[in-house]
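Q: Quick one: structure below, then a few questions.
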Amino acid sequence: MSKFAFSSFSDAMNMDGHGIYVWIVFALFFIALSTSFFIFNLLIKKYKKRIK
Amino acid sequence: MLREILIIVIKKFIHQFASPKTYFYQVNRLYPWLLYISLSIYVFAIIWGLFFTPKDFVQGHSYRIIYFHVPASFIAQSLYAAMAISSAVFLIWRVKLAAYLARSIAPVGAMVTFIALASGSIWGIPTWGTWWEWDARITSTLILFIMYLGLISLHNSFNNFDKADKLFSYLSIIGFVQIPIIKKSVDWWSSLHQPASITISDKPSIDPSMLYPLFMAMIGFAGLVACIVILSSKVQIYIREKNKNWVKDYV
Amino acid sequence: MENSYLIEADNLAYKINEVKLFTNFSFSLKAGEALHIQGSNGSGKSTLIRILCGITPPSKGKVSKKNGLAFSYLGHKNALKTYLSVRDNISLLGLSQHESLKPFLLSLDLSEKLDVIVANLSFGQQKKVALLRIFLTSADLILLDEPFVGLDSTSHDLLCKFLEKKLNTGAGLVYTSHIPTGISSKNIVLD
Amino acid sequence: MELLLILKNEALKLVKKTRAWLGPILIFILIMVAFPLTVELTSNNLSDAFYPVLFISILLVMMLATEDIFLEDYEDGTLELFFISEKSLSQWVFLKIFMHWLFIGVPISLLGAFFNIGANNDLASSLMLFPALLIATYIFLILFCFGNSLSLTKGSVLGTLITLPLTLPILVVLGKLNTAIIFNISYFEFLILLFGILSIIIFAFPAIISRIIKTHLE
Chain G
97 MSKFAFSSFS DAMNMDGHGI YVWIVFALFF IALSTSFFIF NLLIKKYKKR
147 IK
Chain E
153 MLREILIIVI KKFIHQFASP KTYFYQVNRL YPWLLYISLS IYVFAIIWGL
203 FFTPKDFVQG HSYRIIYFHV PASFIAQSLY AAMAISSAVF LIWRVKLAAY
253 LARSIAPVGA MVTFIALASG SIWGIPTWGT WWEWDARITS TLILFIMYLG
303 LISLHNSFNN FDKADKLFSY LSIIGFVQIP IIKKSVDWWS SLHQPASITI
353 SDKPSIDPSM LYPLFMAMIG FAGLVACIVI LSSKVQIYIR EKNKNWVKDY
403 V
Chain S
50 MENSYLIEAD NLAYKINEVK LFTNFSFSLK AGEALHIQGS NGSGKSTLIR
100 ILCGITPPSK GKVSKKNGLA FSYLGHKNAL KTYLSVRDNI SLLGLSQHES
150 LKPFLLSLDL SEKLDVIVAN LSFGQQKKVA LLRIFLTSAD LILLDEPFVG
200 LDSTSHDLLC KFLEKKLNTG AGLVYTSHIP TGISSKNIVL D
Chain D
-4 MELLLILKNE ALKLVKKTRA WLGPILIFIL IMVAFPLTVE LTSNNLSDAF
46 YPVLFISILL VMMLATEDIF LEDYEDGTLE LFFISEKSLS QWVFLKIFMH
96 WLFIGVPISL LGAFFNIGAN NDLASSLMLF PALLIATYIF LILFCFGNSL
146 SLTKGSVLGT LITLPLTLPI LVVLGKLNTA IIFNISYFEF LILLFGILSI
196 IIFAFPAIIS RIIKTHLE
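Residue numbers (our numbering), protein chains in the order written: chain G, 97 to 148; chain E, 153 to 403; chain S, 50 to 240; chain D, -4 to 213.
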């Protein structure tokens, strides 16, 4: 793998100005995926209980 | 005469193999493995993509959104294709499981299309200066999102599942035929409409060191979405087969 | 040819969303026979008739008819255009040149209502206009869903007499009805 | 002959039910008349805004025209009757759409071309526009019939939501046609393209729609 692209951790955060967008998209994907998993597991529990 | 025999054989094979019961148990066994493997691949690819790849000459660091946006929009379209194929299988061979799968893919597809749309427009801010730009790819992703919504609302408005499945299948097959047409017409429209700005083409011509994490992200994301689809299909099976006894004694 | 069945159903079953409406329902109807399907509301009587007509495919079992069998069906809906006049509806159904149209119009006292818009007729009169299609049919199997609802006594007797005459001439009849009818027929109850 | 009988019956139904076809035409006229009023009378921007408004209003009117095209027959039982008589359903759908096009599509194309003269007052572009409108109205009619047949009893909102993605490529072609007519370049290719699209869906969609209606009947 190529070398670490940023000089310091703080630089990695703001990626000279564009970091804000990258991290928003990161948060968006993280939230979307985790809520999907959560919702479907919730639905499974709900319908499982209904069958019992 | 041979044709009838063939169809009967295929039908028997499909019904035996693709019965919801066998699918359910197979999937339960496969699910944990798939989840952990694809999660680790995806996390590894994102870390590699975000931190260990060089800065893009033109766009600076904002190009790193590509590791989110391109897999999402690619998976969104392939989910629609998967849905159309399982709808076709349902219509031709009357395999109930295919209808369950098609119906369970729809909400997941809508979610993936939405985050592809959002990441595409967020990516637009640094590159084009506006959050919404009628770029060909963003517009066709938006249309794809509308088609997903149309499919879900169509299926929800019928309480007779069999009727809902059939109508759902017809629309998803027609929609599938429409996707390349819409893509081409939007490209044709937007290419003359504004000077060819930086379009986020499917296969970005960037140097390989950025490509490897992209493929890994693609595979990881596909695995994760497959897990969500599996969960969604389990929900469908619980809804549809609730008074079958194999479901009762599983619960 | 005479003793062959007009219509035969073997272990029909129908279910909506895995809820069974009825299961292994079989019968065979010969010429000149009538079948009276009884059952509470929502027990699937109408669905059964629609299955026999071939509109709704059964979930299990199959319906076999004598090939080339012409049949006519009257469901809950009257199959009439409410915004058109009775005359237009008759021509839409292709009955305007039927030779015995006049006598039936007279006996159902519809003859002077030909230019009335169907929507302005009472429910019973609309039913009579819908039944015209059954009276004038040459089909040898008649399937009726609740034909007697809303009919006054004269039309009720007229319909019974007509159906009896049809049965004598070798036609088959399948009908559902809450009101007891004078027609002698095999009874099947859908619980 | 079989077809003529169906055609005659459909014509009778449509003639007597004026609101089914007069309504959409009046709405179209309303939009076309209202459009110049909303733009203050400097005729130069009237013409280049005219085409988009024309195409969108055709889209809207075709959506209204097909609202209860199948619903009416489905609800009063005539559809069941027709289904039993073993006549081919897709033929009936094809003829019904054709009749609606005759009663609604053709007058609207005429009016569109007529209003075009009013907007950018040159006869040539109106004559060029007329055949394109004829084809476009037919295509929109078929697409909206498809959407409405899917959501037969569930209201037209769902039908429109389903059909909109399908109509977008046609709107793109019409937009291109718009520039072709203004600059009078390669107009004929777009007309052939529209005609090609029409010739594909004119037979494919009625077959699909008839299967969808069968599903609804079950």
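Don't be surprised by glycine CBs; every beta carbon is placed ideally from N, CA and C.
Thinking C-beta only, is Ile267/E closer than 7 Å to Tyr143/G?
A: For the purposes of this step, residue 143/G is identified with residue 47 of the first sequence, where counting begins at 1. For the purposes of this step, residue 267/E is identified with residue 115 of the second sequence, where counting begins at 1. No, the pair does not count as a contact, with Cβ atoms beyond the cut-off.
Q: Could you compute how far the alpha carbon of Val223/S sits from the alpha carbon of Leu154/S?
A: Within the third sequence, the letter at position 174 stands for residue 223/S. Within the third sequence, the letter at position 105 stands for residue 154/S. Near 24 Å, if we compare the C-alpha coordinates of Leu154/S and Val223/S.
Q: How about Leu186/E: is its C-beta nearer than 7 Å to some C-beta of chain D?
A: One-based indexing of the second sequence puts residue 186/E at position 34. Not an interface residue.
Q: Do you know how far the Cα of Leu84/S is from the Cα of Ile232/S?
A: Along the third sequence, read from residue 1 onward, the residue named residue 232/S stands at position 183. Along the third sequence, read from residue 1 onward, the residue named residue 84/S stands at position 35. Distance between the alpha carbons of Ile232/S and Leu84/S is about 10 Å.
Q: Using the beta-carbon count (16 or more within 10 Å), is Tyr188/E buried or exposed?
A: Translated into positions along the second sequence, residue 188/E becomes position 36. With fewer than 16 other Cβ atoms within 10 Å, it is exposed.
Q: Using the Cβ count rule (16 or more neighbours within 10 Å means buried), how would you classify Phe367/E?
A: Taking the first residue of the second sequence as 1, we reach residue 367/E at position 215. Exposed: under 16 other Cβ atoms inside 10 Å.
Q: Distance, Cα to Cα, Phe100/E vs Val264/E?
A: There is simply no residue 100/E to check, as chain E begins at 153 and stops at 403 in what is shown.
Q: From Thr131/G to Phe139/D, what does the alpha carbon distance come to, in whole angstroms?
A: As a working note, residue 131/G is residue 35 in the first sequence. As a working note, residue 139/D is residue 144 in the fourth sequence. So the two alpha carbons sit approximately 36 Å from each other.
Q: Chain S partners of Phe313/E, CB-CB under 9 Å?
A: The residue you call residue 313/E lines up with position 161 of the second sequence. Simply Ile65, Asn66 and Glu67.
Q: What does Glu57/S pair with, by DSSP beta-bridge criteria?
A: Stepping through the third sequence from its first residue, residue 57/S is reached at position 8. Partner(s): Ser77/S and Ser113/S.
Q: Determine contact between the stretch 12 to 20 of chain D and the stretch 79 to 96 of chain S, defined as no fewer than three beta-carbon pairs at a distance below 8 Å.
A: In short, these stretches do not touch, since the Cβ pair count stays below three.
Q: Closer than 7 Å, CB to CB, is Thr13/D near chain S or not?
A: The residue you call residue 13/D lines up with position 18 of the fourth sequence. By this cut-off, Thr13/D is not an interface position.
Q: Going by the CB atoms, is the gap between Leu163/S and Val135/S shorter than 7 Å?
A: Start at 1 with the first residue of the third sequence, and residue 135/S comes out as number 86. Start at 1 with the first residue of the third sequence, and residue 163/S comes out as number 114. Cβ distance < 7 Å, so Val135/S and Leu163/S count as in contact.
Q: Nearest-angstrom Cα distance between Phe133/G and Ser144/D?
A: Position 37 of the first sequence, counted from the first residue, corresponds to residue 133/G. Position 149 of the fourth sequence, counted from the first residue, corresponds to residue 144/D. If you take the alpha carbons of Phe133/G and Ser144/D, they lie about 35 Å apart.
Q: Taking Phe100/G as the query, report the chain E residues whose CB atoms sit under 9 Å from its CB, ordered along the chain.
A: Start at 1 with the first residue of the first sequence, and residue 100/G comes out as number 4. Going along chain E in sequence order, the residues near Phe100/G (Cβ under 9 Å) are Phe203 and Phe204.
Q: Just reading off the alpha helix (DSSP H) that Gly302/E is part of, what are its end residues?
A: Position 150 of the second sequence holds residue 302/E. Segment Ala288 to Asn308, the alpha helix (DSSP H) holding Gly302/E.
Q: Is the CB-CB distance between Leu243/E and Gly375/E below 7 Å?
A: On the second sequence, residue 243/E is found 91 positions in, with the first residue counted as 1. On the second sequence, residue 375/E is found 223 positions in, with the first residue counted as 1. Cβ distance not < 7 Å, so Leu243/E and Gly375/E don't count as in contact.
Q: Any chance the stretch 197 to 212 of chain E sits against the stretch 230 to 249 of chain E, with 3 or more Cβ pairs inside 8 Å?
A: The stretch 197 to 212 of chain E, when compared against the stretch 230 to 249 of chain E, does not touch it at the 8 Å Cβ threshold.
Q: Would a C-beta distance cut-off of 7 Å place Gly72/D and Gly124/S closer than the cut-off?
A: Position 77 of the fourth sequence, counted from the start, is the residue given in the question as residue 72/D. Position 75 of the third sequence, counted from the start, is the residue given in the question as residue 124/S. It is a contact, given that the beta carbons lie within the stated cut-off.
Q: Is any beta-carbon of chain S found at less than 7 Å from that of Glu81/D?
A: Position 86 of the fourth sequence, counted from the first residue, corresponds to residue 81/D. No, Glu81/D lies away from the interface with chain S (no Cβ there is under 7 Å from its Cβ).
Q: Touching or not, the stretch 127 to 135 of chain D and the stretch 94 to 108 of chain D, by the rule of three or more beta carbon pairs under 8 Å?
A: Yes, they touch.
Q: From which residue to which residue does the beta strand (DSSP E) around Thr225/S run?
A: Along the third sequence, read from residue 1 onward, the residue named residue 225/S stands at position 176. Where Thr225/S is concerned, the enclosing beta strand (DSSP E) stretches over Gly221 to Thr225.
Q: With a threshold of 7 Å between beta carbons, is Asp59/S in contact with chain E?
A: Position 10 of the third sequence, counted from the start, is the residue given in the question as residue 59/S. No, its Cβ sits nowhere closer than 7 Å to a Cβ of chain E.
Q: Going by other Cβ atoms of all chains shown within 10 Å of its Cβ, with 16 needed for buried, is Lys94/S buried or exposed?
A: Here residue 94/S refers to the residue found at position 45 of the third sequence. It counts as buried.
Q: I want to verify the contact list: residues of chain E whose CB lies under 7 Å from the CB of Thr162/D, in sequence order.
A: Taking the fourth sequence and counting its residues from 1, one reaches residue 162/D at position 167. In chain order: nothing, as chain E lies at least about 10 Å away.
Q: May I ask you to list, following chain order, the residues of the stretch 140 to 159 of chain D that have a beta carbon less than 8 Å from some beta carbon of chain E?
A: The stretch 140 to 159 of chain D vs chain E, Cβ under 8 Å: Phe141, Leu145, Ser146, Lys149, Leu153, Leu156, Ile157 and Leu159.
Q: Give the range of the alpha helix (DSSP H) segment to which Asn217/S is assigned.
A: By one-based count along the third sequence, residue 217/S stands at place 168. Note, Asn217/S: alpha helix (DSSP H), Ser202 to Asn217.
Q: Using a Cβ cut-off of 7 Å, which residues of the stretch 115 to 141 of chain S contact any Cβ in chain D, in chain order?
A: The residues in question are Tyr122, Gly124, Lys126, Asn127, Ala128, Leu129, Lys130, Thr131, Tyr132, Leu133, Asp137 and Leu141.
Q: Less than 7 Å between the C-beta atoms of Val48/D and Phe23/D, yes or no?
A: Indexing the fourth sequence from 1 puts residue 48/D at position 53. Indexing the fourth sequence from 1 puts residue 23/D at position 28. Not closer than 7 Å, so no.
Q: Measure the Cβ-Cβ separation of Pro19/D and Ala44/D and say whether it is below 7 Å.
A: Here residue 19/D corresponds to residue number 24 of the fourth sequence, with the count starting at 1. Here residue 44/D corresponds to residue number 49 of the fourth sequence, with the count starting at 1. No, they are not a contact pair.
Q: What residues match up with Asn173/D in a beta bridge as DSSP calls it?
A: Taking the fourth sequence and counting its residues from 1, one reaches residue 173/D at position 178. Answer is none; Asn173/D lacks a bridge partner.
Q: Report yes if the CB atom of Leu147/D is closer than 7 Å to the CB atom of His95/D, and no otherwise.
A: Here the question's residue 147/D lines up with position 152 in the fourth sequence. Here the question's residue 95/D lines up with position 100 in the fourth sequence. Contact: no.
Q: Does the Cβ-Cβ distance between Leu2/D and Leu136/D come in under 7 Å?
A: Here residue 2/D refers to the residue found at position 7 when the fourth sequence is read from its first residue. Here residue 136/D refers to the residue found at position 141 when the fourth sequence is read from its first residue. No, the pair does not count as a contact, with Cβ atoms beyond the cut-off.
Q: For the stretch 206 to 228 of chain S, which residues have a beta carbon sitting closer than 7 Å to at least one beta carbon of chain D?
A: Those residues of the stretch 206 to 228 of chain S that come within reach of chain D (Cβ to Cβ, closer than 7 Å) do not exist; the list is empty.
Q: Go through its chain and collect everything with a Cβ distance to Lys171/D's Cβ below 8 Å, but skip five positions before and after it.
A: Within the fourth sequence, the letter at position 176 stands for residue 171/D. Excluding positions up to five away in sequence, the list reads Phe185.
Q: On a Cα-Cα basis, can you pick out the residue from Ile382/E, Met153/E and Ile295/E that is closest to Ser225/E?
A: Translated into the one-based positions of the second sequence, residue 225/E becomes position 73. The shortest Cα separation from Ser225/E among Ile382/E, Met153/E and Ile295/E belongs to Ile295/E.
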